[in-house]
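Here the structure is laid out as structure tokens; the discussion comes afterwards.
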Amino acid sequence: MEKDKEQKIGVKTFIAKYGVIVGLVIIMVFFTVMKAKFLTVENMLNMLRQTSINGLLAIGMTFVVLTGGIDLSVGSIVGASGMFAALVARTEVGMPWYLALLVGLLVGLLLGAVNGVIISYLRVPAFIATLGMLSIARGITFMASDAKPVPGLSKGFLSIGGGSVGFFPIPILILIFVLIICYITLYKTRYGRYVFATGGNPTSARVSGINVKLITCSVYMISGLLSGLAGVILTSRVTSGLAQSGNGYEVDAIAAAVIGGNSLSGGRGRLWGTIIGFLIMGVMNNGLDMMAVSSYWQLVIKGIIIIGAVMLDSLNEIKE
Amino acid sequence: MEKDKEQKIGVKTFIAKYGVIVGLVIIMVFFTVMKAKFLTVENMLNMLRQTSINGLLAIGMTFVVLTGGIDLSVGSIVGASGMFAALVARTEVGMPWYLALLVGLLVGLLLGAVNGVIISYLRVPAFIATLGMLSIARGITFMASDAKPVPGLSKGFLSIGGGSVGFFPIPILILIFVLIICYITLYKTRYGRYVFATGGNPTSARVSGINVKLITCSVYMISGLLSGLAGVILTSRVTSGLAQSGNGYEVDAIAAAVIGGNSLSGGRGRLWGTIIGFLIMGVMNNGLDMMAVSSYWQLVIKGIIIIGAVMLDSLNEIKE
Amino acid sequence: MQGIEKSFNSVQVLQGINFCLEQGSVHALMGENGAGKSTLMKILAGIYKKDKGTIKIKESNVDINTPKQSQELGVAMIHQELSPIPEMTVAENIYLGREPGKGLFLDYKEMYQQTEELLKSLKIQVSPRAVMRNLKVADQQLVEIAKAISLNAEIIVMDEPTSAITDKEVSNLFEIIEDLKKHGKGIIYISHKMDEIFQIADDITVLRDGVYVNTWKAKDINQNTLIKSMVGRELTEIYPKEIVPITEDMLELQNFTKKGKFEGINFKVKKGEIYGIAGLVGAGRTELMHGLFGLDKLDTGKVILEGKEVEIKSPKDAIANRIAYVTEDRKLEGLVLEMSVGQNITLPSMKKLSKGLFVQEKEERTIIKEQREALRIKCSSERQLVKLLSGGNQQKVVLAKWLIKSPKILILDEPTRGIDVGAKAEIYKLMCEFVGKGNSIIMISSEMPEVMGMADRILVLSNGKASGELSREEFTQEHIMKMSVEHI
Amino acid sequence: ADKDAKKESNTEDTQTEGKVKIGMTLYSLKNEFTVRLANAAEAKAEELGIELVVYDGNYDPSTQISQVETMISDGCDGIILNPQDAEACAPCVDKAADAGIPVVGVNTRVKSDKLTSYVGSIDVTAGEMEMQKIVDLLDGKGNIVIIEGPMGQSAQIERREGIQNILDKYPDIKVLAEKTANWSRSEGMTVMENWLQAFDNIDAVVGENDEMALGAREAIKAAGKDIPAIGVDGITDALNAVEEDNLVASIFQDGAGQGSKAVEVLLDAINGETVEENYWIDFEEVNKDNVEEFKQRAQ
Ligand SMILES: Nc1ncnc2c1ncn2[C@@H]1O[C@H](COP(=O)(O)OP(=O)(O)OP(=O)(O)O)[C@@H](O)[C@H]1O
Ligand SMILES: Nc1ncnc2c1ncn2[C@@H]1O[C@H](COP(=O)(O)OP(=O)(O)OP(=O)(O)O)[C@@H](O)[C@H]1O
Ligand SMILES: [Mg+2]
Ligand SMILES: [Mg+2]
């Protein structure tokens with residue numbers, strides 16, 4: 001009897017703490033049962049590669065969300081940085097791939113820095129500042145290419161998004177690498193503490209001698225930088241610079257972060273949650289496509305899955 | 001000397017309090033100077049008619065934002081309610097216009113209520129719940145029409161969006177009517193007070209005997225209802241039910257509310273700010289079209305205007 | 001500090017303040033609510049910028065613009081209103097901004113170890129790994145104290161450090177202060193508790209309405225003179241307890257239980273009675289009241305009101321039964337900070353103040369005005385945001401909002417926390433008037449003199465269990481203390 | 001339970017072995033034109049007794065690439081590609097080619113020489129046709145406005161190019177303004193309302209698709225004017241509008257024809273028969289005189 005009770009409590013606390021993981025597992029089991037080919041190494045790698053771009057954006061978004069901010073411009077930054085990287089990476093320009101990568105990263109970092117300055121030093125609400133940037137960065141991207149695709153990219157550049165190291169597609173390796181770095185940054189460094197503190201209670205953080213403005217500014221730079229990286233990978237994957245690319249990606253990135261249990265009001269969050277968040281999105285998209293669900297039903301089912309996955313997280317609170 | 005100082009302070013406080021109004025005026029003056037035909041009664045009515053849909057959504061969003069929530073589903077609810085209203089309003093069905101209007105409103109109210117229940121009683125974060133609804137409602141809309149337009153709407157129905165009473169287009173009259181009702185609701189009734197209290201501090205509100213869950217649920221119903229109204233007007237305006245209509249409208253609605261000075265973290269806001277917010281968006285879209293600015297530049301300029309208008313609001317705080 | 005002036009939005013709150021702290025002494029800063037004590041200290045701590053005046057530390061002029069500068073100059077402050085970062089652990093909060101570690105990297109082991117030692121040396125029983133959000137107000141305050149002390153500062157400002165803790169912790173704090181004094185530190189101590197002041201202060205400075213009044217040696221002044229200089233009028237009695245007729249039963253709680261919080265609590269409150277509940281921090285008093293008011297679900301428990309059993313499932317039900325609850329944490333549970341003073345006061349009374357759906361604004365304004373005057377709430381207008389009021393005035397707003405409900409039972413959870421002596425006396429008088437009309441009060445207080453001074457009977461809780469009930473003749477500090485630790 | 005799952009997958013495999021399975025990704029399934037195309041393909045597939053899975057690319061080339069990857073790992077025998085972007089969807093073809101799966105492009109060309117075959121038309125032609133129609137209507141002289149598709153989409157780029165080709169020949173045609181309305185009727189309406197306020201001298205409206213042209217016409221009618229407009233696609237509403245003199249003409253694109261032809265060609269390719277490189281299905285002008293015929297075809 002006693003044991004039983006203990007176990008029950010154990011399960012309950014587990015669901016309360018790791019509800020989204022349970023959600024992910026349920027979704028995966030469902031797809032596996034429905035479609036045998038879903039749970040194969042090949043398809044899992046395929047799914048991970050597809051999700052790597054949203055993954056990078058969601059990681060950057062996690063930093064932003066932890067400070068209580070939001071970054072609506074990530075999709076546009078993906079577009080801008082991808083376009084500028086493509087312009088450099090064209091075979092006719094003859095630059096090495098890493099220079100193009102660098103250009104993409106710098107464009108992302110720069111646009112992110114502009115966001116950061118406007119938000120932290122000019123005190124414009126993050127929603128407005130990044131919404132403005134969403135529009136501005138897209139406008140710049142169109143101008144840079146006159147809205148036309150930029151094809152003919154160098155081989156080296158194309159392997160960033162298309163290549164593999166042994167078994168593993170490079171985008172997945174990049175994602176894992178970024179995850180490790182960001183995990184260390186958030187949990188093992190002073191900077192990470194300051195990010196949490198800034199989001200948790202900016203006044204207390206300021207009183208403790210933390211440069212709250214600088215921290216706030218920096219998270220948008222991180223988000224911009226990772227968007228830049230995502231832009232380069234995306235461009236490389238689609239083999240040409242596209243003015244429209246990244247359009248609307250911000251929604252998925254924010255969704256991944258929030259599904260993972262990061263509170264949009266800041267201070268409360270977890271990087272592993274974000275990972276589960278973007279995995280849920282990735283599995284969902286891949287699985288529904290594999291099952292060949294009609295596109296209208298996909299919309300309905302996706303909505304239900306997103307809500308359902310999070311509900312597991314909150315169900316326990318209700319009982320309290 | 002003394003007087004001078006007083007006046008200066010006056011101007012400063014005015015900008016601090018009413019910065020967005022100053023922003024709106026600057027934008028309007030700019031367009032008037034650039035394009036003589038901008039500031040004509042005819043064009044102003046035109047601009048107001050265009051902005052009435054975003055206006056309705058922004059008003060609903062204000063209620064939601066005041067409680068610290070967000071409603072991403074308004075665009076999809078516009079689509080769904082417009083589509084179902086159109087299905088009823090077809091001449092071949094032979095129903096009177098007000099029945100179609102009612103159907104549209106009910107669909108909006110229902111979807112809003114689903115949002116509300118999921119958020120307040122099942123404790124799913126508003127971002128996730130309404131993101132799910134964004135997807136679900138759009139899926140339903142596509143299913144209802146198989147992505148085909150639904151034309152051939154009855155004359156009575158078409159005059160909702162297209163008709164005028166004397167000089168005034170009906171959508172503008174509806175907007176003004178809704179504004180008055182909502183102003184009274186927010187500032188003159190007990191319900192309005194509860195909305196502010198719920199957003200400001202839900203715990204205190206609960207201790208004060210307010211049914212916080214019910215209030216939270218209700219604001220999504222208001223937002224849904226107004227989205228339903230907007231959907232009917234839009235459908236009537238474009239003379240057919242379109243499955244894609246309303247797509248992305250949530251961004252403009254939230255932007256209008258935030259430009260107006262409503263804090264996304266809840267409790268702090270003002271309805272008149274929202275009015276200025278959607279007027280800024282409306283004037284901006286209309287003015288840039290009138291000046292025939294290229295599509296690319298429009299994006300850049302819009303971004304700058306959105307940020308700039310809000311910056312006036314926050315500039316004063318910086319000095320403090 | 002000399003000639004300090006400060007105004008907010010052209011409202012002068014400090015005017016020519018002089019203040020001098022000596023090494024190795026405790027200097028008490030006194031004054032009514034809103035006198036400007038916290039503001040003065042926040043200037044010293046670099047949170048506000050002064051408009052005029054000079055600050056000298058160890059004879060040299062200093063310029064303090066940011067909290068960091070202030071810290072570097074050896075100033076540490078325990079804030080009255082600042083809350084910690086709720087999602088972080090105790091250790092992370094204490095070492096925020098100066099985490100131990102190499103280069104960019106943190107050394108958690110070191111941090112937790114240091115915290116453990118620190119807390120142990122201060123005799124604070126809180127786990128370094130506990131998340132702040134899960135701590136009770138009292139423990140949070142203890143952590144704030146630990147944090148300020150760990151800064152190893154020359155000057156430690158304590159702005160009402162004992163507002164949330166009980167006598168045991170207070171005496172512990174005083175030991176620490178003595179120790180700091182011995183090490184030559186200077187301490188600025190702000191409190192509204194008179195006995196504390198006379199127990200530890202060497203010097204006393206009084207402010208009134210943002211103006212400097214005087215500085216005395218503590219031994220040269222008695223309580224009445226001090227109060228008079230603060231309040232500006234004679235205050236004869238601090239506890240104006242009036243004996244009113246205590247008649248039949250008003251409220252009975254039967255077998256109140258919530259697992260892990262409290263167990264099998266029974267008591268009766270009579271009409272005309274002030275019923276005190278005493279106990280140590282964490283005894284479960286607040287939780288018990290949450291249960292009564294319908295804020296938390298009970299495991300078992302019956303409420304009998306005037307002989308009839310009533311069901312209270314939510315605060316709404318409680319209010320409908322004319323029970324009112326002045327919560328212990330005004331910022332978290334009492335006020336809506338972004339709303340005005342007036343709107344906060346009338347929030348629970350909206351129904352009464354509306355015709356149909358509409359708020360009767362004229363009536364509302366009259367009631368607000370009455371309350372502002374009755375409780376002497378100091379604010380620039382009823383439309384001022386309540387977050388801009390001083391702590392004491394905020395508390396009065398919470399009181400006001402319940403008093404206009406004309407409840408039959410008023411639950412007061414730490415009702416005078418952070419309130420000045422003048423206002424305290426007013427609140428006590430209000431309490432007497434209230435029960436005089438045949439109503440009842442349940443009062444929770446960690447200030448022993450207050451419960452003993454005001455209550456007719458006292459229930460002592462210890463670790464969630466009732467250790468017994470005392471009648472007025474049986475009240476002694478020792479008695480209550482002994483019962484408080486009975487079940488630990 | 002594990003065994004059951006395996007069993008099920010086995011039966012599924014045998015099923016698919018016997019039956020040819022093809023996948024089709026469309027840049028979107030959210031507009032009437034592509035839905036018509038998809039429906040025709042589905043009908044054809046059923047008729048030919050093969051399995052067809054339709055994917056919605058959601059206006060995003062990288063989604064389409066992902067879908068092609070999914071189709072490959074799902075064991076499709078052939079792929080029909082209706083790309084969002086001519087350049088960016090090239091990797092779809094490469095991936096399929098690497099996996100030895102034939103790809104037939106439909107409706108929009110994709111820039112890859114590995115494409116097995118292409119069924120469709122050239123959007124440049126559509127632009128040229130509609131612009132020429134307006135030029136003829138205005139006798140080579142007048143002021144026009146252009147409502148464009150989403151900037152950067154292949155159809156937008158190519159139709160705009162076609163329009164420009166004609167404009168270059170007629171210097172007396174002046175473009176007063178041009179703006180994107182993202183294929184949307186309500187956006188087209190709003191833009192037109194604003195232009196009507198700004199310009200008194202618009203002689204014609206060129207829409208890069210029917211939806212936007214119809215929106216513009218609503219705005220024009222509401223303003224009590226009668227400015228001719230033209231669009232591309234020949235959707236049901238447009239056919240009705242042409243019949244009612246609401247649109248000058250629409251450039252009909254035979255989506256249904258393209259869809260069914262693509263399935264046929266792909267099946268031939270899968271079966272190892274030689275297929276041609278291109279199957280042109282030309283744009284046709286719908287005007288008042290021939291609209292009846294098109295309405296019948298659209299059924
Ligand atoms: N940020 C602010 N903006 C405007 N007014 C303020 C602000 N902070 C404090 N005040 C006002 O300054 C006055 C002094 O406040 P302060 O908090 O210093 O009082 P106090 O002496 O600490 O009172 P208490 O004993 O209640 O804590 C009050 O009237 C208060 O309303
Ligand atoms: N927010 C919380 N989360 C977890 N446990 C809590 C919380 N608040 C209180 N507790 C626990 O409930 C018990 C009773 O706390 P309660 O606040 O009722 O005590 P109290 O007697 O009112 O003390 P205080 O004088 O500090 O208000 C404590 O032992 C504490 O550990
Ligand atoms: Mg104070
Ligand atoms: Mg308590």
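Chains as they are written, first to last, in the numbering used here: chain A, 1 to 320; chain B, 1 to 320; chain C, 1 to 488; chain D, 1 to 299.
Ideal placement from N, C-alpha and C gives every residue a C-beta, glycine not left out.
This structure is a prediction, so every number in the text was calculated from the model and none was measured.
Item                                                                                                                         : Value
Contact test: Ser38 of chain C Cβ vs ligand 1 heavy atom, cutoff 6 Å                                                         : yes
Of the residues D:Glu69, D:Ala204, D:Ser186, D:Met192, the one placed nearest Leu312 of chain D, counting alpha carbons only : The shown model of chain D, from 1 to 299, leaves out residue 312 of chain D, and the question about it has no answer.
Residue environment, Ile181 of chain B, which counts as buried when at least 16 other CB atoms sit within 10 Å               : exposed
Any non-hydrogen atom of ligand 3 closer than 6 Å to Gly391 of chain C Cβ                                                    : yes
Residue of B:Tyr249, B:Asp71, B:Phe157, B:Ile172 minimising C-alpha distance to Leu101 of chain B                            : B:Phe157
Buried versus exposed call for Pro67 of chain C [16 or more other C-beta atoms within 10 Å across all chains shown]          : buried
Val293 of chain B: first and last residue of the uninterrupted alpha helix (DSSP H) it sits in                               : Val293 of chain B -> no alpha helix (DSSP H), and no H or E assigned at all.
Closest residue to Ser250 of chain D among D:Ser154, D:Glu87, D:Ile230, D:Glu293 (Cα-Cα distance)                            : D:Ile230
Within chain C, partners of Lys148 of chain B - CB distance below 7 Å                                                        : None at all; the shortest Cβ gap to chain C is about 44 Å.
Interface flag, Phe8 of chain C vs chain B, CB-CB below 7 Å                                                                  : no
Presumed contact (8 Å Cβ cut-off) between Leu21 of chain C and Ile155 of chain C, rounded CB distance                        : 7 Å
Near ligand 1: Phe19 of chain C beta-carbon under 6 Å from a heavy atom                                                      : no
Alpha-carbon spacing of Ile174 of chain B relative to Ile163 of chain D, whole angstroms                                     : 41 Å
Three or more C-beta pairs below 8 Å linking the segment 263-280 of chain B and the segment 21-38 of chain B                 : yes
Limits of the beta strand (DSSP E) - the one that Glu303 of chain D falls within                                             : Since the displayed chain D opens at 1 and closes at 299, residue 303 of chain D lies outside it and no answer follows.
Beta-carbon proximity list for Ile488 of chain C, same chain, < 7 Å, skipping 5 on both sides                                : Ser462, Asn463
Proximal chain D residues relative to Leu99 of chain A, where beta-carbon distance stays under 8 Å                           : Per Cβ cutoff of 8 Å: no residues; Leu99 of chain A is ~22 Å from chain D at best.
Chain B within 7 Å of Ser354 of chain C, Cβ atoms only                                                                       : yes
The segment 199-212 of chain A: positions lying closer than 9 Å to chain C by Cβ                                             : Gly199, Gly200, Asn201, Thr203, Ser204, Ala205, Arg206, Val207, Ser208, Gly209, Ile210, Asn211
Glu125 of chain C beta carbon near ligand 3 (any heavy atom closer than 6 Å)                                                 : In the sequence as presented, Glu is not what sits at residue 125 of chain C; that position holds Gln. Every heavy atom of ligand 3 is 6 Å or more from the Cβ of Gln125 of chain C, so no.
Sufficient close CB pairs (3 or more, under 8 Å) joining the segment 311-328 of chain C to the segment 278-293 of chain C    : yes
Run of the alpha helix (DSSP H) containing Asp413 of chain C, from where it starts to where it stops                         : Taken as a continuous stretch (DSSP letters only), Asp413 of chain C belongs to no alpha helix (DSSP H), being part of the beta strand (DSSP E) at 409-413.
Ligand 3 heavy atom lying under 6 Å from the CB of Gln50 of chain B                                                          : no
From C:Ala201, C:Lys182, C:Lys181, C:Lys352, residue whose alpha carbon lies closest to that of Ile190 of chain C            : C:Ala201
Check: Gln395 of chain C C-beta below 6 Å from any heavy atom of ligand 3                                                    : no
Cβ pair count under 8 Å reaching 3, the segment 77-91 of chain B against the segment 241-261 of chain B                      : yes
Three-pair Cβ contact test at 8 Å for the segment 231-238 of chain B versus the segment 113-128 of chain B                   : no
C-alpha gap between Ser121 of chain D and Asp282 of chain D, whole angstroms                                                 : 6 Å
Any non-hydrogen atom of ligand 3 within 6 Å of Gln80 of chain C CB                                                          : yes
Ligand 1 heavy atom lying under 6 Å from the CB of Leu388 of chain C                                                         : yes
Beta-carbon gap between Met481 of chain C and Val460 of chain C smaller than 7 Å                                             : no
Opposing strand residues paired with Tyr275 of chain C [DSSP bridges]                                                        : C:Ile442, C:Arg457
is_contact[Ala292 of chain A, chain D] using C-beta, thresh 7 Å                                                              : yes
Helix, strand or coil at Ile318 of chain A according to DSSP, with G and I counted as helix                                  : At Ile318 of chain A the pLDDT is 45, less than 50, meaning the model places this residue with poor confidence and gives no usable figure here.
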